[in-house]
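Down below is the structure, laid out as structure tokens.
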Ligand SMILES: Cc1cc2nc3c(=O)[nH]c(=O)nc-3n(C[C@H](O)[C@H](O)[C@H](O)COP(=O)(O)O)c2cc1C
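Numbering (the working numbering), first residue to last: 149 to 430.
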């Protein structure tokens with residue numbers, strides 16, 4: 149009898165150890181996946197089965213969302229002609245877009261939440277001219293859903309890249325995807341079979357972004373040091389030439405991408421008009 153009990157206890161304990169061990173391994177591997185994630189911009193040409201794309205979105209919508217409102221919409225580019233039109237709007241990204249296994253347009257959506265709230269019959273904030281909180285949180289919700297989708301794709305062995313073109317050309321994307329008023333195209337999430345193995349890209353030192361109790365202003369020297377390290381890492385990767393086809397250092401590229409000139413002003417005026425009509429009510 150004692151032997152049986154001992155054996156049972158052994159099995160139980162052993163089982164528990166194995167169970168805890170497996171849980172720990174699973175947690176470790178998830179953490180490893182998060183810590184090793186990097187953007188993949190070169191894909192092998194492939195198309196994702198619908199059920200896999202659905203799994204990614206199902207995981208995505210488990211992200212937290214403000215008031216359960218899920219202020220976002222996700223549109224998968226299923227039609228090849230539409231994919232071609234998307235590629236035309238994303239200058240320089242033709243290969244990435246044509247090869248990606250799946251392309252998701254991620255939108256901030258105040259249209260559906262406003263309609264849902266209207267059904268409750270009260271004077272709701274989304275029908276007013278002032279909803280700065282909801283505007284910002286819609287973008288936040290959309291960001292969270294995107295992050296969850298990226299990780300779901302990683303778990304399934306895919307790589308991914310974000311393209312920012314929809315928010316730069318919102319009217320063009322809205323027309324192409326037949327978005328109603330209140331829906332703002334933000335980014336494209338391109339998921340695909342890895343065709344490159346780039347290094348991990350640098351991050352700011354943790355003590356410049358993560359503080360204890362109070363905000364701590366970074367010193368100029370810290371910022372300069374990071375910019376230098378960023379530049380060097382990008383040079384080692386040949387990042388700017390590889391992805392932007394330009395022969396310049398990353399810091400020059402950063403300046404180029406953030407210079408305010410007549411062209412940016414014109415583009416941003418149009419973005420501002422779109423956002424005022426569809427998203428931002430301040
Ligand atoms: C909102 C947003 C927009 C982005 N837009 C682009 C883009 O248009 N093109 C691109 O190649 N990468 C884009 N990225 C990816 C970043 O360049 C990338 O995450 C960053 O360089 C860090 O590299 P890593 O993701 O490999 O760590 C975007 C990322 C975010 C979050």
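All residues carry an ideal CB built from backbone N, CA and C; glycine is no exception.
- Using a 10 angstroms sphere on the CB of residue 404, the tally of other CB atoms stays under 16, which defines it as exposed.
- Residue pairing of residue 191 in beta bridges, as defined by DSSP: 342.
- In the displayed model, residue 331 falls within a strand according to three-state DSSP.
- Separation of the CB atoms of residue 297 and residue 188 is rounded to 14 Å, and the pair is thereby denied contact status at 8 Å.
- Judged by their CB atoms, residue 340 and residue 249 are nearer to each other than the 8 Å cut-off.
- Residue 270 has its alpha-carbon roughly 42 Å from the corresponding atom of residue 302.
- According to the DSSP secondary-structure assignment, residue 256 is paired through a beta bridge with 220 and 332.
- Rounded to the nearest whole angstrom, the C-alpha separation of residue 380 and residue 353 is 15 Å.
- Residue pairing by DSSP puts residue 251 in a beta bridge opposite 338.
- Here residue 310 is bridged, per DSSP, to 337.
- Annotation for residue 428: no alpha helix (DSSP H) segment contains it, and DSSP assigns it neither H nor E.
- Placement of the Cβ of residue 342 at a distance of 7 Å or more from every heavy atom of ligand 1 is found.
- Taking a 10 Å sphere around the C-beta of residue 220, we find 16 or more other C-beta atoms and assign the residue as buried.
- By the beta-carbon neighbour count (other beta carbons within 10 angstroms, threshold 16), residue 359 is exposed.
- Out of 255, 396 and 414, the CA that lies nearest to the CA of residue 292 is found in 255.
- Residue state for residue 366 is assigned as coil, using DSSP reduced to three classes.
- The straight-line gap separating the alpha-carbon atoms of residue 313 and residue 239 is approximately 9 Å.
- Relative to ligand 1, the nearest heavy atom lies less than 7 Å away from the CB of residue 311.
- Around the beta carbon of residue 318, a 10 Å sphere encloses 16 or more other beta carbons of the protein chains shown; the residue is thus reported as buried.
- The residue from 386, 315 and 429 with its alpha-carbon nearest to that of residue 349 is 386.
- Boundaries of the alpha helix (DSSP H) around residue 321: 318-324.
- Taking the CA atoms as reference points, residue 182 sits about 38 Å from residue 414.
- Non-local C-beta neighbours of residue 288 in its own chain, meaning closer than 8 Å and more than five positions away in sequence, comprise 214, ordered along the chain.
- Taking all protein chains in view, the Cβ of residue 282 is crowded by 16 or more other Cβ atoms within 10 Å, so the residue is classified as buried.
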